[in-house]
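Participant: In full-length UniProt numbering, the protein residues as written are 1 to 272. I am attaching a structure below and will ask some questions about it afterwards.
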Ligand SMILES: Cc1ncc(COP(=O)(O)O)c(C=O)c1O
């Protein structure tokens, strides 16, 4: 379960989280909560609740074995290169926890810079600290820019023919639904590929933009999507959106007019 809005950019509500926890309790399941996007929420009225808090509110903290994941590669820190993260384990029997600790302890070489970054993420500057004001200013600037980029990308996607995209509530992604011409679906079948794969591959070849076919994540039968991100800088994202729009219009036009597979071309009228 991802409380912070993974592939689709949607956030779980508190009620969703309660349902998931109750389900885990009823079915004796371990809950692995990927909470790496906890700082990346952009819309009013939604906020991050850790599964640990919701479990505690429901009195299920000792009942549901819970693993909460966090990483320095997301949020507003974005330190992908340093590789730091942690898992917090609650509600496990003591002997299982001992084994987890033993496994973690036999890692030979600590990843020092990643560990330092993790510590900084978990203990940010507090009011009154010398770097507090600058820290808050940078945090707001980064999250504000991500929010603007998210809105720009989603608005651009929603202007395209046959494309609908929910607001990116959080994380770093949008997951637009695309309607593809019948001939594009036939062409994909001829190649033994999924229709959204064909779209994504042609987008890559035409523009250099890499997106991920919705079929890679799972989607309702007969619907097509792609997963994209608003990580390009504010200087670049406008160009990305317009280039995507130009590609989309050309793709739709080409497949709408494409000859049916196997059609024999008419002989030129002048006999050449
Ligand atoms: C939901 C989610 N969790 C975890 C990760 C990866 O985290 P890390 O960079 O710490 O391996 C990603 C990467 O994109 C992600 O989308």
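Backbone N, C-alpha and C fix where the C-beta goes; we use that ideal spot for every residue, glycine too. No experiment lies behind these values; they were computed from the predicted model shown.
Would you list the one or two residues that DSSP bridges to residue 173?
Facilitator: DSSP lists 229 as partners of residue 173.
Participant: Could you tell me whether the Cβ atoms of residue 175 and residue 218 are closer together than 8 Å?
Facilitator: no
Participant: Residue 89 lies in the beta strand (DSSP E); which residues open and close that run?
Facilitator: 85-90
Participant: When the Cα of residue 110 is compared with those of 83, 168, 233, which residue comes out closest?
Facilitator: 83
Participant: Using DSSP with H/G/I as helix, E/B as strand and the rest coil, what is residue 1?
Facilitator: Annotation note: pLDDT 45 at residue 1 (below 50); position unreliable, coordinate value reported separately. Correct three-state label for residue 1: coil.
Participant: At 4 residues or longer, and completely inside the segment 24-90: list those alpha helix (DSSP H) runs for me, N to C.
Facilitator: For the segment 24-90, whole alpha helix (DSSP H) runs of length 4 or above, ordered along the chain, are 51-57.
Participant: Would you please state the rounded distance, in angstroms, between the beta carbons of residue 50 and residue 73? I believe it to be under 8 Å.
Facilitator: Not a contact, Cβ separation roughly 18 Å.
Participant: Applying the criterion that 16 or more other CB atoms from any shown protein chain within 10 Å of the CB defines a buried residue, is residue 104 buried or exposed?
Facilitator: exposed
Participant: Is residue 10 near residue 166, with beta carbons less than 8 Å apart?
Facilitator: yes
Participant: Evaluate the contact criterion for the segment 17-36 versus the segment 181-192: three or more CB pairs, one atom per stretch, below 8 Å.
Facilitator: no
Participant: In chain order, which continuous runs of the beta strand (DSSP E) of length 3 or greater are located wholly inside the segment 173-227?
Facilitator: none
Participant: With a CB to CB cut of under 7 Å and the five nearest residues on each side skipped, what residues in its chain are close to residue 86?
Facilitator: 70, 118
Participant: Who are the near neighbours of residue 1 in its chain, counting only those whose CB is closer than 6 Å to its CB and skipping five residues on each side?
Facilitator: Below a pLDDT of 50, predicted positions are generally treated as unreliable, and residue 1, at 45, falls in that range; the measurement from the model is reported next regardless. If you ignore the 5 residues before and after residue 1, its C-beta comes within less than 6 Å of the C-beta of 20, 33, all in its own chain and listed in chain order.
Participant: Leaving out the 5 sequence neighbours to the left and right, which residues in its chain are closer than 8 Å to residue 147 when beta-carbon positions are compared?
Facilitator: 42
Participant: Quick check on DSSP: helix, strand or coil for residue 267?
Facilitator: Summary for residue 267: the model assigns pLDDT 42, below 50, so the residue's position carries little reliability, and this model does not support an answer.
Participant: Can you name the start and end residues of the alpha helix (DSSP H) that residue 160 belongs to?
Facilitator: Element bounds for residue 160: n/a, residue is neither H nor E.
Participant: Which residue marks the beginning of the alpha helix (DSSP H) containing residue 99, and which one marks its end?
Facilitator: Per DSSP, residue 99 belongs to the alpha helix (DSSP H) from 94-105.
Participant: Hey, quick one: how far does the alpha helix (DSSP H) through residue 235 stretch, first residue to last?
Facilitator: 234-257
Participant: Distance check for residue 223 and residue 246, CA to CA, integer angstroms please.
Facilitator: 22 Å
Participant: Taking 7 Å as the cut-off, is the C-beta of residue 57 nearer than that to any heavy atom in ligand 1?
Facilitator: No - ligand 1 has no heavy atom lying nearer than 7 Å to the Cβ of residue 57.
Participant: Could you name the residues of the same chain whose beta carbon sits closer than 7 Å to that of residue 100, not counting the 5 residues immediately before and after it, in chain order?
Facilitator: 89
Participant: Among residues of its own chain, excluding the 5 on either side of residue 14, which ones have a beta-carbon nearer than 6 Å to its beta-carbon?
Facilitator: 49
Participant: If you draw a straight line from the alpha carbon of residue 59 to that of residue 65, how long is it in whole angstroms?
Facilitator: 13 Å
Participant: Alpha helix (DSSP H) containing residue 115: first to last residue?
Facilitator: Going by DSSP, residue 115 is part of the alpha helix (DSSP H) stretching over 112-122.
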